[in-house]
Structures are given as structure tokens and as C-alpha cells.
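Note sheet for the following structure.
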Amino acid sequence: MKKPLRKAVLPVAGLGTRFLPATKAMAKEMLPVVDKPLIQYAIEEARAAGIEQFCMVTGRGKTALVEHFDIAFELEATLRQRNRVEAMEALKGTQVEPGSMVTVRQQVPLGLGHAIWCARAFIGDDPFAILLPDDLVLSQTPCLKQLADAYQETGGNVVAVVEVPREHTNRYGILKTGADDGRLVEVQGLVEKPAPADAPSNLSIIGRYVLMPEVIGHLAKMERGAGNEVQLTDGMAKLIGSQPFHGLRYEGTRFDCGDKAGFLEAQIAFALARPDLADAVRAFLKKY
Ligand code: G1P
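Counting in our numbering, the sequence shown tops out at residue 288, every number present.
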């Protein structure tokens, strides 16, 4: 029997050094794309995939992320008093069910695998999703929903994958591929950030995962991998052979919002997808 997918882990302990000085006193996950912070896109995407429980793996200086999903009593009372209906509407996506969001702290930055391991008590014996808020996906069907559906089909681990130029394999987790129907691809191996010459393919993992809880046992060994970090990719690789493991070529466009150019491109693409902004944005883009 497949267990339902109801939990998501969101690693948000990163320092955001690539966005200094903007991220000196602010969590990088609070950077907005158009008018919504990255973290809220991730939470909304998770919700649309049926996720009901959230665990943010945070660090020092990240309290705004927790505040963002709390009730802002004075603000909401003032808006109500002034009958600011639109503004009240804009806050809707920030509301979470009481008790549905927890945080754990990753005290030391030992890598993504270590961050996920920090959420082990939250994960327990259940399958869980991971969303890396830096990766933003513009799609018809929310990316994590596509993965959740693939989990229903395959009953095992599923990661979102996309082909990247070979010279970029050293930025991502890369698949060694088996049977491939063009949409779902069987994972035979996983390597974190291989040099182009060593990469077993150019199929890369983006920041959306559905994993089985057994990965925690492998991460617990705290083996260091690429960059001397505890890599999630290495922990996942240990599941291959004992559990189904697939890559899903998702429908949609992914933006790497951890990168300045990627972040700016996301602003334009998401603004153009908004009926209230598209015309104005198209008009000023012509000027440049
Ligand atoms: C992480 C993962 C990598 C994955 C990438 C997706 O890398 O380690 O396997 O491909 O996210 O964005 P990071 O971007 O944290 O270096």
C-alpha cells in the first residue's frame, strides 16, 4: 500500500551570499518575484500537490520566514477597518492551518543532505516532498503536483529532471539513466555536480523531490561528498536498487532564482504571466 504524500521539507538555512548585500539582514527566500516571496511560491505549490504539513529547515536570521505565515493581527485589523478588500485578499496565501508548519534549525551548514536529515523527526516513516525555494517553476500543473502524480504511478522515489547543456553538469545532481519513455526515466545512478567529462548524462535534478523515508538512514552516516558536504544526492543514490527511483521530465519552465540572471528572468516571465501586469511590462520592455 502506498502511503499518501502529505509532508514537505523546505531547506531554507542558506546564507544567500550570491545576493549580498540584499540578503545581509533578510532571508533570501523572502526575495519577491513580482509581489510574492520565493518561500510563498514553494508553500503554495506544495499545497496544490496535497501537502498538509510543512517543515522549514532554518538557521539564524530567518525569523521573517516564520512571521510571513503567521497572522499579522494589527495589519489585518487595520485593513478590515479601512475596508481594503484587495489587500486582505493578497494575504490569503500566507495563511496556514494552525499547527501545520514547524521549523527545525540546521545549526551548521554541512550540506543539503544534512539539512534534510535535520528534519528526520518530522519525516518519521512517511514519504515526503522536498522543495528548494530557489528553483521556481512556471507551469500549467504545479511541478510538485506532477511529481506527486508520478509517485502514485510508480510508488517510489521521484525527482524532477531537465536536460542541461553538458558544460553545466557541474552545477547539479546528474542522472545515470535506464529505461526512458520520454517522460519517466528510470534512475540507475546519481552523481552530484560531476565535471562535464565525467557526467553519465546531461539530465539534471531540479529542486523538487518525492522521497521515501529510508533516505534518512543513509544520510545519517554523514558521509561527505562533493564540496566536502553531506549531499542529498549521495543519500538518494543508496536507495537505487532497493526501491523504485525515477526522474520525471516535468512540464514547465524552471528559473534558478539563486542566480542573479535567473532571478531577473523569473521576474519578467512571472510578470508577463500576470493579466494585471503583462501589458505594462511588454510596453516598457520594448523601450530596452
Ligand atoms: C542542489 C542539489 C543538486 C540539485 C540542485 C537543484 O544543489 O545538491 O543535486 O541539482 O540543488 O537546484 P545546490 O543548488 O544547492 O548547489
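By construction, the Cβ of each residue, glycine as well, lies at the ideal position given by its N, Cα and C atoms.
My assumption, with CB atoms under 8 Å, is that residue i sits in contact with residue j. Please give the rounded CB distance.
i, j, result
"residue 45", "residue 144", "5 Å"
"residue 189", "residue 200", "6 Å"
"residue 210", "residue 127", "6 Å"
"residue 30", "residue 39", "7 Å"
"residue 234", "residue 227", "Contact flag wrong, Cβ pair sits at about 11 Å."
"residue 180", "residue 258", "The Cβ separation is near 28 Å, so there is no contact."
"residue 129", "residue 51", "6 Å"
"residue 166", "residue 196", "5 Å"
"residue 306", "residue 33", "Missing from the structure shown is residue 306; the chain here goes from 1 to 288 and no further."
"residue 8", "residue 132", "So it is not a contact: roughly 11 Å between Cβ atoms."
"residue 2", "residue 152", "7 Å"
Given residue i, which residues of its chain have a CB within under 8 Å of its CB, disregarding the five upstream and five downstream residues?
i, result
"residue 204", "161, 162, 163, 164, 168, 169, 171, 172, 173, 174 and 175"
"residue 246", "150, 154, 156, 157, 158, 159, 184, 185, 186 and 187"
"residue 244", "154, 155, 156 and 157"
"residue 278", "271 and 272"
"residue 268", "281 and 285"
"residue 96", "43, 54 and 69"
Cutting at 7 Å between CB atoms, please list the residues of its own chain near residue i, excluding the five before and the five after it.
i, result
"residue 58", "12, 13, 65, 103 and 105"
"residue 192", "173, 225, 226, 231, 233 and 234"
"residue 94", "40, 68 and 69"
"residue 142", "45, 48 and 49"
Quick check: is any heavy atom of ligand 1 less than 8 Å from the C-beta of residue i?
i, result
"residue 233", "yes"
"residue 163", "no"
"residue 38", "no"
"residue 303", "With the chain running from 1 to 288 in the structure shown, residue 303 is simply not present."
"residue 171", "yes"
"residue 192", "yes"
"residue 258", "yes"
"residue 134", "yes"
"residue 207", "yes"
"residue 242", "no"
"residue 112", "yes"
"residue 201", "no"
"residue 139", "no"
"residue 100", "no"
Between which two residues does the beta strand (DSSP E) holding residue i run?
i, result
"residue 189", "184-192"
"residue 143", "Per DSSP, residue 143 belongs to no beta strand (DSSP E); it is in the alpha helix (DSSP H), 143-154."
"residue 48", "Looking at the DSSP string, residue 48 is not in any beta strand (DSSP E); the run it does join, the alpha helix (DSSP H), is 38-48."
"residue 255", "253-256"
"residue 96", "Segment: none, residue 96 is in no beta strand (DSSP E) and carries neither H nor E."
"residue 246", "245-249"
Along the chain, where does the alpha helix (DSSP H) containing residue i start, and where does it finish?
i, result
"residue 279", "278-287"
"residue 260", "260-272"
"residue 88", "85-90"
"residue 81", "73-81"
"residue 163", "From DSSP, residue 163 is part of no alpha helix (DSSP H) but of the beta strand (DSSP E) over 157-163."
"residue 232", "232-237"
Please return the same chain residues whose Cβ sits closer than 6 Å to the Cβ of residue i, not counting the five positions on each side in sequence.
i, result
"residue 222", "230"
"residue 43", "none"
"residue 19", "28"
Answer with yes or no whether the minimum CB distance from residue i to chain B is below 9 Å.
i, result
"residue 24", "Although the question refers to chain B, the structure presented lacks it and comprises just one protein chain."
Query raised in the report: Can you find at least 3 beta carbon pairs, one from the stretch 235-244 and one from the stretch 202-220, that sit closer than 8 Å?
Result: Yes, since at least three Cβ pairs between the stretch 235-244 and the stretch 202-220 fall closer than 8 Å, the two stretches touch.
Query raised in the report: Counting Cβ pairs closer than 8 Å, one from the stretch 67-79 and one from the stretch 119-126, do we hit at least three?
Result: Result no; under three Cβ-Cβ pairs closer than 8 Å.
Requested in this report: Evaluate contact between the stretch 122-142 and the stretch 242-256, counting only Cβ atoms and requiring at least three cross-stretch pairs below 8 Å.
Outcome: Flag = yes, the stretch 122-142 and the stretch 242-256 touch.
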